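Novice: What follows is a structure written as structure tokens; I'll ask about it next.
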Amino acid sequence: MASFSLAPFRSLLRLPGIPRLVISSLVGRVPASMGPLSIVLLVESVTGSYARAGSAAGVFAIATALASPLLGRIIDRVGQTWVLLACGTVFAGAFTMLALTAQPSADLTLILGCVALAGLANPPLAPSMRTLWSAKVDGSALQTAYALESTLQEIIFITGPLLVALLVTTISPAAAVLSAAGLALVGTLGFATAPPSRAWRGLQRTRDWAGPLRNRGIRTLITVMVLLAGAFGLLQVAIAAFAARNDAPGAAGVLLATWTSGSLAGGLIAGGRNWATPVEWRYVVLLLLLVGAFALLLLPTTDLQMGVLIVLAGLPIAPWLSCTYLLVDRLSPTGTVTEAFTWILTGFLSGQSVGASLAGVLIDASGPRMALLGATASLALAAGIAMTRWSTFAHPDQAARNHRAGRGERR
Numbered sequence: 009m010a011s012f013s014l015a016p017f018r019s020l021l022r023l024p025g026i027p028r029l030v031i032s033s034l035v036g037r038v039p040a041s042m043g044p045l046s047i048v049l050l051v052e053s054v055t056g057s058y059a060r061a062g063s064a065a066g067v068f069a070i071a072t073a074l075a076s077p078l079l080g081r082i083i084d085r086v087g088q089t090w091v092l093l094a095c096g097t098v099f100a101g102a103f104t105m106l107a108l109t110a111q112p113s114a115d116l117t118l119i120l121g122c123v124a125l126a127g128l129a130n131p132p133l134a135p136s137m138r139t140l141w142s143a144k145v146d147g148s149a150l151q152t153a154y155a156l157e158s159t160l161q162e163i164i165f166i167t168g169p170l171l172v173a174l175l176v177t178t179i180s181p182a183a184a185v186l187s188a189a190g191l192a193l194v195g196t197l198g199f200a201t202a203p204p205s206r207a208w209r210g211l212q213r214t215r216d217w218a219g220p221l222r223n224r225g226i227r228t229l230i231t232v233m234v235l236l237a238g239a240f241g242l243l244q245v246a247i248a249a250f251a252a253r254n255d256a257p258g259a260a261g262v263l264l265a266t267w268t269s270g271s272l273a274g275g276l277i278a279g280g281r282n283w284a285t286p287v288e289w290r291y292v293v294l295l296l297l298l299v300g301a302f303a304l305l306l307l308p309t310t311d312l313q314m315g316v317l318i319v320l321a322g323l324p325i326a327p328w329l330s331c332t333y334l335l336v337d338r339l340s341p342t343g344t345v346t347e348a349f350t351w352i353l354t355g356f357l358s359g360q361s362v363g364a365s366l367a368g369v370l371i372d373a374s375g376p377r378m379a380l381l382g383a384t385a386s387l388a389l390a391a392g393i394a395m396t397r398w399s400t401f402a403h404p405d406q407a408a409r410n411h412r413a414g415r416g417e418r419r
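Following the working numbering, the numbering of the sequence shown begins with 9 at its first residue and continues without gaps.
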């Protein structure tokens, strides 16, 4: 294992066409972190009800989770460009309509319809970018690429809420929704019209309804992702309750940003090293580290103590995500790689929603520590499943499905 260096990241970003893809993908994905919060703030401002606002955000998440695998399957069959252009246009239109029609006298059905349409058309830029990385690089460079991906994900989830807060404070909640629409449209157009995206075509696949789900390893990855995302949903609500119990509700945002910053640092460190250990080994070890780090969050009594320990709970996340992406690339059956990445996204959204809902019940019954205990238990179960189903991560027959076989025609 070599010492840490940023040189692998610089080498990646010098590849032809990559800077445009990375920048446009980053711009187009910021609305993914802006969307739920901007919807909540806009709907609450016009209805005066957090219940209705939460319902609208829930509809957005559910619609995205349901549509993503279908969009991924279509991309694997017909390519990225036209699917992404259609999604970006419809998403921007739905969010624009939401911003313009969300008035105190507006029918809630119309609001929910706009939100649902935006969720169904949410551009699958992240899965598309990961698919292009798989087509452009391999070996240690692919490990670095997926580490960069997971690090950018953290930047997105720091930037989005901050941008929403700025726009809501200085202009209005509608301005935040309109900005999300504009960024999604600009980013998606830039990405979908880039030469590598226009040239990419999926390999011929076996025609069956299951797609990537027929692979046992992919099913394991999705199950683990649901449990991990459930833990994240529990943690996010628990931190808000923890800060409120300490008479500093505003500290919740700082604590969650600190958590995300820890993950960002972990992604940079992991991506700057050349790992010789098998990816499945790192996947399980990082999960176990997450279990231990989350267990430590049961100890703090002050916000400062929580702030120190929550950094540790963030460090393994981005490196673990990059291992997940590598395993998806390895295990997805021929011609299903984009759909496989969208199933991971669906697992995350589903688990996070369930975790956040469960957190409220646990906190009302026994306080934030019970939610933190639930998060630790969910991660422990995820690690247990990963270890007991280790064999499902075995590399499939290269002759049957080798993504690299089609690289020459996809570049």
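Glycine included, each C-beta is placed from N, C-alpha and C at the ideal position. All values reported here derive from a predicted model rather than from experimental measurement.
1) Cα separation between S148 and L160?
2) Sort N223, G36, L174 and T268 by Cα distance to V345 and report the nearest one.
3) Using three-state DSSP, classify R418 as helix, strand or coil.
4) Pop quiz: A303 and L320 are said to be a contact at Cβ under 8 Å. What is the actual Cβ separation, rounded to whole angstroms?
5) Less than 8 Å between the beta carbons of Q151 and S330, yes or no?
6) Report the start-end ranges of each alpha helix (DSSP H) in the segment 283-370 that is 4 residues or longer and not cut off at the edges.
7) So the candidates are G80, A110 and W141; which of them puts its Cα closest to the Cα of A129?
8) Going by C-alpha to C-alpha distance, which of V98, L295 and P27 sits closest to G322?
9) Are V51 and A124 touching if we call contact CB-CB under 8 Å?
10) So, at 6 Å on beta carbons, what are the nonlocal neighbours of A278 in its own chain, with the 5 sequence-adjacent residues on each side left out?
11) Quick one: what's got a C-beta closer than 7 Å to S19's C-beta in the same chain, skipping five residues either side?
12) At the level of alpha carbons, what is the spacing between S136 and S158?
13) How big is the Cα-Cα spacing for P24 and T89?
14) How should I179 be labelled, buried or exposed, when 16 other C-beta atoms within 10 angstroms of its C-beta is the threshold for buried?
15) Around the Cβ of R37, are there at least 16 other Cβ atoms within 10 angstroms (buried) or fewer (exposed)?
16) Output the distance between the C-alpha atoms of L236 and T139, rounded to the nearest integer angstrom.
17) Closest to S340 by C-alpha separation, out of R60, Q212 and V293, would be which residue?
18) Less than 8 Å between the C-beta atoms of V336 and I166, yes or no?
19) Starting from the N-terminal side, write out each stretch of the alpha helix (DSSP H) that is 4 residues or longer and does not extend beyond the segment 134-208.
20) Which residue comes first and which comes last in the alpha helix (DSSP H) that contains F103?
21) In its own chain, which residues sit with a C-beta less than 6 Å from the C-beta of I83, not counting the 5 before and 5 after it?
22) My output table needs one value for D115: the three-state DSSP class, helix, strand or coil.
23) Going along the chain, which residues of its own chain have a beta-carbon closer than 6 Å to the beta-carbon of L93, five neighbours each way excluded?
24) Determine the direct distance from the alpha carbon of A367 to that of R412, and round the result to whole angstroms.
25) Determine the closest residue to L305 out of Y291, R209 and A383, with distance taken between C-alpha atoms.
26) Beta carbon of I87, beta carbon of W208: below 8 Å?
27) Name the residue from L357, A379, A348 and G43 whose alpha carbon lies nearest to the alpha carbon of V176.
28) Please state whether DSSP places S386 in a helix, a strand or coil.
29) For A391 and V287, which I take to be in contact (beta-carbon distance under 8 Å), what is that distance rounded to the nearest angstrom?
30) State the Cα-Cα distance for the pair T400 and T231, rounded to the nearest angstrom.
31) Nearest to L297 by alpha carbon, out of L221, Q111, P324 and G363?
32) For G275, which three-state DSSP category applies?
33) Answer yes if the segment 182-201 comes into contact with the segment 100-111, meaning at least three C-beta pairs across the two stretches below 8 Å, and no otherwise.
34) Measure the CB-CB distance between S76 and T285 and report whether it falls below 8 Å.
35) Taking the alpha carbon of M378 as the point to measure from, which residue in V245, S269, I393 and I352 has its own alpha carbon closest?
Specialist: This is what the structure gives:
1) 18 Å
2) N223
3) With a pLDDT of 36 at R418, under the threshold of 50, the modelled position of this residue cannot be trusted; read the value that follows with caution. DSSP places R418 in helix when its eight states are reduced to three.
4) Wrong, their Cβ atoms sit about 11 Å apart, outside the cutoff.
5) yes
6) 287-304, 311-322 and 325-339
7) G80
8) L295
9) no
10) A155 and P327
11) none
12) 14 Å
13) 18 Å
14) exposed
15) buried
16) 23 Å
17) Q212
18) no
19) 147-178, 181-200 and 203-207
20) T89 to T109
21) V91 and T346
22) coil
23) A200
24) Any reading at R412 is ruled out, since the residue's pLDDT is 41, under 50, leaving its predicted position unreliable.
25) A383
26) According to the sequence displayed, residue 87 carries Gly and not Ile. Contact flag set, yes.
27) G43
28) helix
29) Rounded, the Cβ-Cβ distance is 16 Å, inconsistent with contact.
30) 12 Å
31) P324
32) helix
33) yes
34) no
35) V245
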